[in-house]
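Peer 1: Going down the list, the sequences are from chains A and B. So the mapping is simple: this note's numbering equals the position in the first sequence, first residue as 1, plus 672. So the mapping is simple: this note's numbering equals the position in the second sequence, first residue as 1, plus 33. Built from N, CA and C at the ideal position, the CB exists for glycine as well. This structure is a prediction, so every number in the text was calculated from the model and none was measured. Okay, handing you the structure first.
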Amino acid sequence: MKYGFTAPLAAILVVGCANTTSAEGPSGASNNAPKTAKVSFDENPYPSTYKPYGGAPTAIRNVTIFDGEGGQIDNGVVFFSDGKITAVGDANMAIPADVTVIDGTGKFVTPGIIDIHSHLGDYPSPGVSAHADGNEVTGPVTADVWAEHSVWPQDPGFSRAMANGGVTSLQVLPGSANLFGGRSVTLKNVPGRTMQSMKFPGAPYGLKMACGENPKRVYGSRNQKPGSRMGNLAMNRQTWARAAEYKARWDEYEKKGGTPPTRDIGMDTLKGALEGKIQIHNHCYRADEMAIVIDMAKEFGYTVSTFHHAVEAYKIADLLKENSICSAVWADWWGFKMESYDGIPENAAIIQNTGACTIIHSDDQDQIQRLNQEAAKAQGDGRRMGFTISDATAISWLTYNPARAMGIADQTGSLKPGKMADVVLWNANPLSVYARPEKVWIDGAMLYDFNDPTRRPVSDFELGQPGEGDTK
Amino acid sequence: MSRNMKKALLFVSTAAALFASPVAAQTIAITGGKVVIGDGSAPIEGGTVVVRDGKIVAAGSGVAIPAGAQVVDATGRWVTPGLFAGFSRIGLVEVEAVRETNDSSASSGDFSAAIDVAPAINPKVTPIAVNRAAGITRAVVAPQAPASIFAGMGALIDLGDDYDAVTKARAFQFVELGETGSSKAGGSRASAFLEFRNGLIEAQEYARSQRPMQMRPHDALLTRQDAAALLPVVNGEIHLLVHVERAADILNVIKLRQEFPALKLVLVGVSEGWMVARQIAAANVPVIASALNDLPSDFEKTAATQSNIGRMKRAGVTVAIGMINDSDAHKLHYSPQYAGNLVALQRVPGATGLTWDEAFASISSGPAQALGVDGMLGSLRPGRQGDVVIWDGDPLELASAPVAVMIDGVQQPLDNRQSKLRERYRTPQEGALPKAYER
């Protein structure tokens, strides 16, 4: 993992309560502490409590495999045990005795689908105003908020995404009302009583930023800054300049000791982004605005992981490739707002064909249930313009590519030995409209089986409601 | 790249050459394709479709090619009726969030039921050309409700490349009676149903007031125009499309016919229709439903399931697919994808889907049937308007697209603003001159 802090590393950073600074300032104890016992703070105060649910060692054979990294094996074998992918191979691969064997004739296997852009839990169903927890619309710079603190585990959208879409991991982002929307959280798509029990262990945090119409509309309409795109940039730059100072104060303190700087929760996040520990996920539609953000990132010394929505990425796919920035796009959304006017269904295909990182995202509780279909449309539109886009490549848009952009590709996103056994068995080619997930495993635990109504999650909200436990 | 370019150009020129000239007053025979009639019958391999003077003459196997007909070879392709968007706002909107370009609703205007979308239809909005290229040839266009449950009168339109878009103006009245209706009526469904009854009663009073020595009551709430517009509704002269989602609301709407027996009801949305499917079927009320709602996105959809349409169909309900508040001005081309998903459900244990033939009908003859125009539109049966699409594959599959589209027997252009952007940025890098010089 390039940037993430794993659980053990985070544990090292944790120091005793007495020495932990609080939002009000350093505690008395730390002022008197010797120079060697520097004040630090817990970078992982809401740790994942997720534990894999366990499952039988399983081999799926005679199956077509899309490995997530662009590889395809026909008539192959996928074997997983103890929650991890053990081996992936062709028909000649030996299958150990005493394991569950599933015949995959006519079926397909992919890694678990990953949605890099979701608001499930933060904008859950039912979408009543009491549940609208995805945007802290009280100010344009809210780097201090964390999406995980809004996640409602009961959102029935999680189980729909699993059952109909094969989604096993997702990044829940704050909305785009603000320039700095706050921290994202990456979840395993397992039902849980608490957010922590869904939290992807060791996944790095993301920082949501937003370009364009939304921040300037939301605040401009209140006669506040920003009321224009130049206002957006001005506030962004001022904020980054402050973050650089904040980081410098902490760096100085780390080097020389003395009085620790006053803790600022929002600045912690920006400092993490400047240090490369927190990935930047920037909502941005227009090509010209993405180019400006690329320069701003250089100005302040951070990197953008992914432009989200990026409906005009096709116009600057070369620039995005040059800067190693992913584009997370819809297949064909357009025309709903001015900055989406130039959206074209060949966006993903042109990005891919230029050699830049391509991701299909949902940003939607319905489309997260059929990301495979969105990829298939984008692939079809690309092929129609003469591009070669293999099925296995189209599947990488929903698996390995988002995993890389989210900093979890060392753990999931492809069917490689040692990775989490996040696996979907489809009853047909997932790039066909006629395909559906038949079984979904998360860390080797079978959490959905369309043949078994007892392997169909029903959230607390749905209990006792009309349609409880129905096929959805 | 150059090979790709050549392949693409070859494709475009093949499509363009399918028809010699785009005029209606001639006989065209499309031969050799897999022909889908669109009425729920099975596709016919190697069928022939004959279009003359803008109308379907014959379609199927063993159809003779009339002497002098222009023959279009569709071997290896699918030939279907144009797709019919069961519920939309296409033609009313260029950019949804740009208020000046969005004519779907007049939230601060003085009128309600009398609003007629026909003069707001602009055949030149870019979504029309984009959706035409995706095989959509006809659409139900409904206004959005202003500050009233009565949204106004919708139209049936075609998506042809001309100014003659409106097939039938004032085809129906559209009314909100669920959660949206409740909020329009001040905050309760009780108030919404009262507003509905009051509107229809005022329409009858308005009719009486036109007689000698009669006057409208002094406490009338509706403008004269609005009351007059509801008269053909209460008299059953035009369809009444009612948007409701929850099962109880559906039953209450059906009950309205006890007081207003002539109502030509069509239910729209209907996410919980499966729970009362028998009653809908018994009342003989057609449904234009959202295809894939499966979340309790609000409390009136707690029982939503993708099996809804399939279960209603099995109970004998006439069902079509509509894009109800779902990208309804831009992405009507989602309807074949939705129909394909209903086919996929057939193989999910416990779910109820549609057969392929039923699914295709739900986006062709289904909407036409619901609006009572299936004698004229929605299928390749003789006498229907000559809306024909030739596809490069199964029209419900994600990778398929039209290679030719005909509306009223006239071949349509398939290029549009999106295809032009695509060609300009096929290679994103600039050449010798800026991109603005490439087209």
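Mind checking who D359/B pairs with in its DSSP beta bridge?
Peer 2: Beta-bridge pairing links D359/B to no other residue.
Peer 1: What residues of chain B sit near E1018/A, judged by a beta carbon separation below 7 Å?
Peer 2: In chain order: R455.
Peer 1: Leaving aside the five residues before and after A1107/A along the sequence, list all residues of the same chain whose C-beta is less than 8 Å from its C-beta, in chain order.
Peer 2: Counting only Cβ-Cβ distances below 8 Å, and skipping sequence neighbours, we find F780, N1044, W1098, N1099, A1100 and N1101.
Peer 1: Are any of the Cβ atoms in chain B nearer than 8 Å to that of Q1037/A?
Peer 2: Yes - at least one Cβ of chain B is within 8 Å of the one on Q1037/A.
Peer 1: Given this structure, state the Cα-to-Cα distance separating N341/B from N326/B, to the nearest angstrom.
Peer 2: Near 9 Å, if we compare the C-alpha coordinates of N326/B and N341/B.
Peer 1: Whole angstroms are fine: how far does the CA of I61/B sit from the CA of R171/B?
Peer 2: Computed Cα separation, rounded: 21 Å.
Peer 1: So the beta strand (DSSP E) R921/A belongs to, where does it begin and stop?
Peer 2: Element bounds for R921/A: not the beta strand (DSSP E) but the alpha helix (DSSP H), R901 to K928.
Peer 1: If you follow the alpha helix (DSSP H) that Y1072/A is part of, which residue opens it and which one closes it?
Peer 2: Y1072/A -> alpha helix (DSSP H) spans Y1072 to M1078.
Peer 1: Please report how far the alpha carbon of K1204/A lies from the alpha carbon of S1131/A, in whole angstroms.
Peer 2: In the structure displayed, chain A extends from 673 to 1144; residue 1204/A sits before or after that span and is not available.
Peer 1: Along chain D, in chain order, which residues have C-beta atoms closer than 8 Å to that of H276/B?
Peer 2: Included in the structure are the protein chains A and B, with no chain D among them.
Peer 1: Return the chain-ordered list of same chain residues with a C-beta closer than 7 Å to the C-beta of V163/B, the five sequence neighbours on each side being excluded.
Peer 2: Within the same chain, V163/B has close Cβ partners N449 and Q451.
Peer 1: Which complete alpha helix (DSSP H) runs does the stretch 786-873 of chain A hold, if anything under 4 residues is left out?
Peer 2: With a minimum length of 4 residues, the continuous alpha helix (DSSP H) runs that stay inside the stretch 786-873 of chain A are 829-837.
Peer 1: Between the C-alpha atoms of F972/A and R958/A, what's the straight-line distance to the nearest angstrom?
Peer 2: Roughly 21 Å separates the two Cα atoms.
Peer 1: Looking at the strands, I want to know which residues DSSP matches up with Y1120/A.
Peer 2: In the DSSP output, where bridge partners are listed per residue, Y1120/A has V1112/A.
Peer 1: May I ask you to list the residues that DSSP assigns as paired with W1098/A?
Peer 2: BP columns for W1098/A point to F780/A and P1109/A.
Peer 1: Below 8 Å on C-beta distance, what does A1107/A contact in chain B?
Peer 2: Neighbours of A1107/A on chain B, chain order: A377.
Peer 1: Where do the N-terminal and C-terminal ends of the alpha helix (DSSP H) with L263/B fall, by residue?
Peer 2: Taken as a continuous stretch (DSSP letters only), the alpha helix (DSSP H) holding L263/B covers R257 to V267.
Peer 1: Let me confirm a value: D197/B is counted as buried when at least 16 other C-beta atoms fall within 10 Å, else exposed. Which label applies?
Peer 2: It is exposed - the Cβ of D197/B has fewer than 16 other Cβ atoms within 10 Å.
Peer 1: Near R1174/A, which residues of its chain fall below 7 Å by C-beta distance, leaving aside the five closest residues on each side in sequence?
Peer 2: Past the boundaries of the shown model lies residue 1174/A; chain A is included only from 673 to 1144, so the question cannot be answered.
Peer 1: Compute the beta-carbon to beta-carbon distance between L14/B and D1014/A, rounded to the nearest angstrom, for a pair I have assumed lies under 8 Å.
Peer 2: Only positions 34 to 472 of chain B appear in this structure, which leaves residue 14/B out of reach.
Peer 1: Hey, S822/A and D794/A are a contact pair by Cβ (cut 8 Å); roughly how many whole angstroms apart?
Peer 2: About 4 Å separates the two Cβ atoms, so the contact holds.
Peer 1: In whole angstroms, give me the CA-to-CA distance for G938/A and A819/A.
Peer 2: For G938/A and A819/A, the distance between alpha carbons rounds to 13 Å.
Peer 1: Would N1099/A pass as an interface residue toward chain B - the criterion being a Cβ-Cβ separation below 8 Å?
Peer 2: Yes, N1099/A lies at the interface with chain B (some Cβ there is under 8 Å from its Cβ).
Peer 1: Take G383/B as the anchor and find which of F1122/A, S1062/A and P873/A has the nearest alpha-carbon.
Peer 2: The shortest Cα separation from G383/B among F1122/A, S1062/A and P873/A belongs to F1122/A.
Peer 1: Under 8 Å, Cβ to Cβ, is there at least one residue of chain B near F1122/A?
Peer 2: For F1122/A, the answer is yes, since a Cβ of chain B falls inside 8 Å of its Cβ.
Peer 1: With the cut-off set at 8 Å, would you say T782/A and F738/A are in Cβ contact?
Peer 2: Yes, these two residues count as a Cβ contact at 8 Å.
Peer 1: Could you name the residues of the same chain whose beta carbon sits closer than 6 Å to that of T1065/A, not counting the 5 residues immediately before and after it, in chain order?
Peer 2: Excluding sequence neighbours, T1065/A sits near G742.
Peer 1: Can you list, in chain order, the residues of its chain with a C-beta nearer than 7 Å to that of V17/B? Leave out the 5 residues immediately preceding and following it.
Peer 2: Given that chain B is displayed from residue 34 to residue 472, the structure contains no residue 17/B and the question cannot be resolved.
Peer 1: With 16 other CB atoms within 10 Å as the buried threshold, where does E1140/A fall?
Peer 2: Its Cβ having fewer than 16 others within 10 Å, E1140/A is exposed.
Peer 1: So that I know if they touch, is there some Cβ in chain B lying closer than 8 Å to that of P698/A?
Peer 2: Note that P698/A scores 40 on pLDDT, short of 50, meaning its location in the model is unreliable and no value can be drawn from it.
Peer 1: Which residues, taken in chain order from the stretch 213-228 of chain B, show a beta carbon closer than 9 Å to some beta carbon of chain A?
Peer 2: Residues: none.
Peer 1: Distance cutoff 8 Å, beta carbons only. Does T911/A sit that close to anything in chain B?
Peer 2: So no, T911/A is outside the interface.
Peer 1: Do you know how far the Cα of F183/B is from the Cα of F492/B?
Peer 2: One cannot answer for residue 492/B here, as it falls past the ends of chain B, which runs 34 to 472.
Peer 1: For the stretch 395-407 of chain B against the stretch 113-121 of chain B, are there 3 or more C-beta pairs whose distance is under 8 Å?
Peer 2: With the cut-off at 8 Å, the stretch 395-407 of chain B and the stretch 113-121 of chain B touch.
Peer 1: Please confirm whether F738/A has its beta-carbon closer than 8 Å to some beta-carbon of chain B.
Peer 2: Answer no: the Cβ-Cβ gap between F738/A and chain B never drops below 8 Å.
Peer 1: Taking all protein chains shown into account, do 16 or more other C-beta atoms lie within 10 angstroms of the C-beta of E1018/A, making it buried, or fewer, making it exposed?
Peer 2: Buried, because 16 or more other Cβ atoms sit within 10 Å of the Cβ of E1018/A.
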